[in-house]
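Below is one structure, written out as C-alpha cells; comments come after it.
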Amino acid sequence: MKNYIIKLSILVFILFLSACKTDKSNTKENDSSKKEIFYLGQKPPGLIPEPFAPGLVTTQGWEYYGDFTPDLKEFYFLREVENTKEDTSTEFVVIKKTHNQWQDSVISARVGTPFISPDGKTMHLGRRYKERNDKGEWSEIKELESPFDSLPIMRLTASSKGTYFFDEFKRDFTGDIRYSRLVDGKYEKPRLLNKEINTGKSFHPFIAPDESYLLFDSKREDGFG
C-alpha cells in the first residue's frame, strides 16, 4: 500500500511538471504570435531610435506619414519613388499580412496624409477621407464639408471624441494648428491653438485618442520643436 501511494505521488508530480511545461510552451507561442502581429513583426527598440522595418518600410529613399490601424494589422504610409534622377513621385502604400508574410502594395498615387481614427472606421487624408464598412473595405474618397473643404489642410488627426486637430500649410511656408470640436453631431468653427504652440510655422499635429497630449513639429528661435 505504501509503495502504491509513493508511485501515485510520483505520477501526479510528473503530470504537474508536464502541465507546467506545456503552459510555458503555450505562453511562448502566444508571445511569439503577438510579436508577429504587432509592429510588422519588429522587435520594439529601447531608448535609442532605430530604422523601422528595414527593407520593408525603411529604404534608401523617403518614407513618411506612417500610421497603423488600431489593431496593428495594417500600416499605411507614403513612399517617394525616384523615376529618374530629376523626377520623383509619391506612392500611397499599405502593408498587410498575406500568406503569413508581411507584404506591401501600392494603393494609389499620393492622395493626402493618412491618419486612421482611433476607432479604425475613418481614414483621414487632409481635407478628404475614406470610411470603412463592416467587411473591412474602404469607401471611395469623400470630401469634408465646409469650412474644412476650403482650408489648406496638410495633416488632420482626430481624437476618440471626434475632435479634429489639423495644420494649415500656406504658400509662404507658414502654418498654424487649429482644432474643431464635434458638438451635437456638428463641427464647430475651427479655432487656433495658443501662441505656445503656434509660432507661425507649426505643422503635422497628432492628437492622443484621449486628448491628453499633442505632438507636432515647429520651427522656433531656440532650435527645438
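The sequence shown maps to residues 14 to 238 in the numbering used here. Note that beta-carbon positions come from the ideal geometry of N, C-alpha and C, so glycine has one too.
If I follow the unbroken beta strand (DSSP E) through residue i, where does it start and stop?
| i | result |
| --- | --- |
| Q55 | Run containing Q55: none; DSSP gives neither H nor E here. |
| H137 | 135-138 |
| T170 | 166-171 |
| F128 | 127-129 |
Looking only at C-alpha atoms, which of the options sits nearest to residue i?
| i | options | result |
| --- | --- | --- |
| Y89 | H137, Y192, Q114, N113 | H137 |
| V119 | K109, F128, N113 | K109 |
| D117 | T126, F105, R123 | F105 |
| G68 | K143, Y78, W115 | W115 |
| K155 | S163, K143, A122, D80 | K143 |
| S231 | G213, L157, T111 | G213 |
| R141 | L60, G133, E153 | E153 |
| F51 | I61, T82, T71 | T82 |
| G133 | G149, E158, K183, N211 | G149 |
| I129 | S172, V196, P64, D223 | S172 |
| H217 | H112, L228, D223 | L228 |
| S159 | D147, S121, W151, P203 | P203 |
| L85 | E93, E76, V107, T71 | V107 |
| P165 | A122, I190, W151, D147 | I190 |
| R233 | K183, S215, P222 | S215 |
Does DSSP put residue i in a helix, a strand or coil?
| i | result |
| --- | --- |
| F105 | strand |
| D235 | coil |
| F88 | strand |
| S121 | strand |
| D185 | coil |
| F321 | The requested residue 321 is not part of the displayed model; the chain covers only 14 to 238. |
| D6 | Outside the shown range of the chain (14 to 238) lies residue 6, about which nothing can therefore be said. |
| S193 | strand |
| D80 | strand |
| D162 | helix |
| S31 | With a pLDDT of 44 at S31, under the threshold of 50, the predicted position of this residue should be treated as unreliable, though the coordinate-derived value follows. In the structure shown, S31 sits in a helix (DSSP, three-state: H, G or I). |
| F179 | strand |
Verify whether the separation of the beta carbon atoms of residue i and residue j is less than 7 angstroms.
| i | j | result |
| --- | --- | --- |
| T103 | L91 | yes |
| A219 | T170 | It should be noted that the sequence gives Phe, not Ala, for residue 219. Against a cut-off of 7 angstroms, the Cβ pair of T170 and F219 comes out as a contact. |
| A66 | Q55 | yes |
| M167 | D180 | yes |
| F178 | Y200 | no |
| G175 | L195 | yes |
| T135 | Y78 | no |
| T71 | P64 | yes |
Legend entry - Inside the stretch 195-232 only - beta strand (DSSP E) runs reaching at least 3 residues: List check, beta strand (DSSP E) in window: 215-220, 227-231.
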